[in-house]
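J.:
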Amino acid sequence: MLDDRLGGGFPRTSTLLLFSDKPTEKRVFAENFVVEGARHQETVLYVDFYRMPSLARAELSRFGRFPQDRLVFVDAISAQLMVESAEAYHVDRIDSLADTVDVIVRAIQEERPSRVVIDSMEFLSDRFPRDALLDQWRRIIAEAKAAGSVVCFLFINWTYQERDLGAIRALSDFVLEFQSSMRGGIVRNSMRISQMAEGGVRTNWIPYTFKDLIGVTVYFPRLMVTGPFNAGKSTVVKALCEKSVSIDRMGTTVAFDYGNVNITGIEAEIFGTPGQERFEFIFQIFAREVSGVLLVVDATRPEDFERAKHMLALIGPHIPYVVLANKSDLPGALKPEAVAGQMDLPDGTPVVATVATESKGVRDALLILAEMIIGVR
Amino acid sequence: MAAGIHGRLIAVLQELRRIPDVLAVALARRDGLLIAHVLPKSMDPKRIAAMAASIVGTSEMAAGEMGLGPFFQSIVDSGSAKMLATGAGEEGILITIVRTDANMGLVLLSVGKAVQAVSNLLEEAAVEPEARA
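Just so you know, the protein sequences line up as chains U and H, in that order. Residue numbering for the first sequence follows the working numbering, beginning at 1 and increasing consecutively. Residue numbering for the second sequence follows the working numbering, beginning at 1 and increasing consecutively.
(1) Which ranges would you report for the beta strand (DSSP E) in the segment 102-159 of chain U if only whole runs of at least 3 residues count?
(2) In chain order, what are the residue ranges of uninterrupted alpha helix (DSSP H) at least 4 long that sit wholly in the segment 266-348 of chain U?
(3) Would you call A82 of chain H buried or exposed, if buried means 16 or more other Cβ atoms sit within 10 Å of its Cβ?
(4) Can you grab the Cα-Cα spacing for the pair S59 of chain H / V245 of chain U, in whole Å?
(5) Which residues, in order along the segment 237-259 of chain U, keep a beta-carbon less than 7 angstroms from a beta-carbon of chain H?
(6) Can you check whether the C-beta of A50 of chain H is within less than 8 angstroms of a C-beta belonging to chain U?
(7) Between U:T264, U:V355, U:I140, U:L324, which lies nearest to R106 of chain U when the distance is taken from Cα to Cα?
(8) Quick one, which of H:D44, H:A26, H:R47 has its alpha-carbon nearest A114 of chain H's?
(9) What span of residues does the alpha helix (DSSP H) with G382 of chain U cover, start to end?
(10) Using only CA atoms, which one of U:F271, U:D329, U:L176 lies nearest to I315 of chain U?
(11) Should R192 of chain U and T209 of chain U be called a contact, given that it needs their Cβ atoms to be closer than 8 angstroms?
(12) Given that a residue counts as buried once 16 or more other Cβ atoms are within 10 Å of its Cβ, and exposed if not, what is I282 of chain U?
(13) Excluding the five sequence neighbours on either side, which residues of its own chain have a C-beta within less than 7 angstroms of the C-beta of V175 of chain U, listed in chain order?
(14) For the segment 228-242 of chain U and the segment 177-188 of chain U, state whether three or more C-beta atom pairs, one from each stretch, are separated by less than 8 angstroms.
(15) Give the straight-line distance between the Cα atoms of P40 of chain H and A49 of chain H, rounded to the nearest whole angstrom.
(16) Please work out which residues of its chain come closer than 7 angstroms, Cβ to Cβ, to R148 of chain H, disregarding the five sequence neighbours upstream and downstream, and give them in chain order.
(17) Hey, is M61 of chain H's beta-carbon within less than 8 angstroms of any beta-carbon in chain U?
(18) Ends of the beta strand (DSSP E) at T226 of chain U?
(19) Name the residues in the segment 58-82 of chain H whose C-beta lies less than 7 angstroms from a C-beta of chain U; which are they?
(20) Short check: CB of V218 of chain U to CB of A370 of chain U, under 8 angstroms?
(21) Mind checking H90 of chain U: buried by the 16 CB within 10 Å criterion, or exposed?
(22) Determine the contact status of G259 of chain U and P228 of chain U, defining contact as a CB-CB distance below 8 angstroms.
(23) Evaluate the contact criterion for the segment 341-348 of chain U versus the segment 358-367 of chain U: three or more CB pairs, one atom per stretch, below 8 angstroms.
(24) For H90 of chain U, which residues does DSSP report across the bridge?
(25) Just tell me which of U:R70, U:R163, U:D126, U:S149 has its CA closest to the CA of F155 of chain U.
(26) State the Cα-Cα distance for the pair P70 of chain H and G87 of chain H, rounded to the nearest angstrom.
(27) Hey, D164 of chain U and T15 of chain U are a contact pair by Cβ (cut 8 angstroms); roughly how many whole angstroms apart?
(28) Let's test the definition: count the other Cβ atoms within 10 Å of the Cβ of Q41 of chain U and tell me whether it reaches 16, buried, or not, exposed.
(29) Between I270 of chain U and chain H, is the shortest Cβ-Cβ distance under 8 angstroms, so that the two count as touching?
(30) Taking 8 angstroms as the limit between beta carbons, can you name the residues of its chain near P67 of chain U, skipping five residues before and five after?
(31) Going by CA-CA distance only, name the one from U:I206, U:E277, U:A167 that's closest to R130 of chain U.
(32) What are the partner residues of P207 of chain U, as DSSP defines its beta bridges?
As structure tokens, then:
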């Protein structure tokens, strides 16, 4: 999905900077990037300053099967450990910046890889003078451009000032910033993509996760489905999720609905609230760290719309939401525009006509919400 | 529900309330509506009924998910009191609040008896409308 918004992924011949000021799980993104390339039968180059290529290969098997022979390493670790390298491309003189970059450049020229990952630049920035490094940085970019590669630099900034950072960002076509935070023992990773070209898109912070064999996906730890009584919230959760749990008694949700959605490139945990007022205490439990809301209303019952807005307010302010005008197949159902009008929604609030019992429109609403959260809509 | 049933349910709750260490008793439907209660003024019976329904609903699902067999009761063990939410027939939940140092043997026995009485009464009430039809 991210790829679509950037015009079909990162264009060939571009420079990516994967950047953070603290160690984060951004390597997994770079690994995903090379594995995807190899899966498309492209040659990909991985420059590794930290792991033996044999270890790196073993770790990449987490992504599942891909053609190993498409993946070429530049071994920049054996020289540090003073052992023989088994790789065709290996740095012998790790204490020389020019020699190190020479090996990388030779590998780019000879292999003409579609994707190059440099893991990672802070190894060099810690050891060599800034200006010399920036020159070599530019040289790698120029060589990658000449070979038609997308080059991806991993970089943790320990030492550089904002001005030098600005110069490094300016060298790049896309900057991917990474953040990790821990709350209550759960690590949340997120990233933000900025296109450096003038008028380029910039996304919001996008939470992501890594799964064995699947790779990196956008991950929303909490999307809420809410709305008035009998609007069809539980049915929406069921329609979205292959497997879901509904804690309901006598036709009404008494605690919550829960389901996990997994569609191309997006994973989300979906929580449905009860609709009746006497269960409002549930909101205090679940309405925390909510990324977005699907607000379900019964399009045949405009008298409930005020209640719907009240429930939205209970979850909190400034949370992206999409209105689902459900039961749109019933006689007398209001059209989405009419629902927006009667609810007096702010301009541009998306309203999707849905028939949750037949799964109609529900997934579209989720995708719209996902785009709103990511900030590309 | 027949008028007499409500009075008889209240009588069952009051009898349970008379056990030493029992502080309060209420009866809710599984969807969180209040049926009857003998709660002190400081508690909001409607909210308690709804919360008990959530606790029982969630506990029952969890028991099913983990393959623990049929659900009987949830106990919320807190600083000064315990709350027992016990399934009472298909549709009822008996909420019993007892002092934290209560004699649980006696409490559980009495709750069990009350649950039996309540589920009989609820069943009777459920059958009645059909009999009239």
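All residues carry an ideal CB built from backbone N, CA and C; glycine is no exception.
T.: On the basis of the data shown:
(1) 115-119, 150-156
(2) 281-286, 305-315, 336-343
(3) Here residue 82 of chain H corresponds to residue number 82 of the second sequence, with the count starting at 1. Before going further, note that residue 82 of chain H is Lys rather than Ala in the sequence given. K82 of chain H should be labelled buried.
(4) The residue labelled residue 59 of chain H in the question sits at position 59 within the second sequence. The residue labelled residue 245 of chain U in the question sits at position 245 within the first sequence. Those two C-alpha atoms are separated by around 13 angstroms.
(5) V245, I247, R249, M250, T252, V254, A255
(6) Reading the second sequence from its first residue, position 50 is the one you call residue 50 of chain H. Interface residue, yes.
(7) One-based indexing of the first sequence puts residue 106 of chain U at position 106. Checked all of U:T264, U:V355, U:I140, U:L324; the closest Cα to R106 of chain U is U:I140.
(8) Looking up residue 114 of chain H in the second sequence gives position 114. The shortest Cα separation from A114 of chain H among H:D44, H:A26, H:R47 belongs to H:A26.
(9) As shown, chain U starts at 1 and ends at 377. That puts residue 382 of chain U outside it, with no answer to give.
(10) Counting from 1 along the first sequence, the entry for residue 315 of chain U is found at position 315. Residue U:F271 is the option with its Cα nearest to I315 of chain U.
(11) Within the first sequence, residue 192 of chain U is the residue found at index 192, counting from 1. Within the first sequence, residue 209 of chain U is the residue found at index 209, counting from 1. Result no, Cβ atoms of R192 of chain U and T209 of chain U do not sit closer than 8 angstroms.
(12) Within the first sequence, the letter at position 282 stands for residue 282 of chain U. So I282 of chain U ends up on the buried side.
(13) Residue mapping note: residue 175 of chain U aligns to position 175 of the first sequence, counting from 1. Contacts found: L17, F19, R169, S194, M196.
(14) no
(15) Sequence index remark: in the second sequence, residue 40 of chain H carries index 40 (1-based). Sequence index remark: in the second sequence, residue 49 of chain H carries index 49 (1-based). Taking the straight line from one Cα to the other gives about 14 angstroms.
(16) This structure cannot speak to residue 148 of chain H, because chain H is shown only from 1 to 133.
(17) Mapped onto the second sequence, residue 61 of chain H falls at position 61. It does: the Cβ of M61 of chain H has a partner Cβ on chain U nearer than 8 angstroms.
(18) Here the question's residue 226 of chain U lines up with position 226 in the first sequence. Looking at the DSSP string, the run of the beta strand (DSSP E) that includes T226 of chain U is 215-226.
(19) T58, M61
(20) As a working note, residue 218 of chain U is residue 218 in the first sequence. As a working note, residue 370 of chain U is residue 370 in the first sequence. Yes. Within cutoff.
(21) Residue numbering aside, residue 90 of chain U sits at position 90 when the first sequence is read from its first letter. Flag for H90 of chain U reads buried.
(22) In the first sequence, counting from the first residue as 1, residue 259 of chain U sits at position 259. In the first sequence, counting from the first residue as 1, residue 228 of chain U sits at position 228. Not in contact: G259 of chain U and P228 of chain U (Cβ atoms no closer than 8 angstroms).
(23) no
(24) Counting from one through the first sequence, the residue named residue 90 of chain U turns up at place 90. Partner(s): U:D75.
(25) In the first sequence, residue 155 of chain U corresponds to position 155, counting from 1. Considering only alpha carbons, the answer is U:D126.
(26) Here residue 70 of chain H refers to the residue found at position 70 when the second sequence is read from its first residue. Here residue 87 of chain H refers to the residue found at position 87 when the second sequence is read from its first residue. Roughly 10 angstroms between the two C-alpha positions.
(27) For this step, residue 164 of chain U is matched to residue 164 along the first sequence. For this step, residue 15 of chain U is matched to residue 15 along the first sequence. Between T15 of chain U and D164 of chain U the Cβ distance is about 17 angstroms, and since that is not below 8 angstroms, they are no contact.
(28) Counting from 1 along the first sequence, the entry for residue 41 of chain U is found at position 41. Q41 of chain U is exposed by the Cβ-count criterion.
(29) Taking the first residue of the first sequence as position 1, residue 270 of chain U is located at position 270. Judged by the 8 angstroms Cβ criterion, I270 of chain U is not in contact with chain H.
(30) In the first sequence, the residue the question calls residue 67 of chain U occupies position 67. Correct list, in chain order: A38, R39, Q41.
(31) Numbered from its first residue, the first sequence carries residue 130 of chain U at position 130. The candidate whose alpha carbon is nearest that of R130 of chain U is U:A167.
(32) Here residue 207 of chain U refers to the residue found at position 207 of the first sequence. According to DSSP, P207 of chain U bridges with U:S190.
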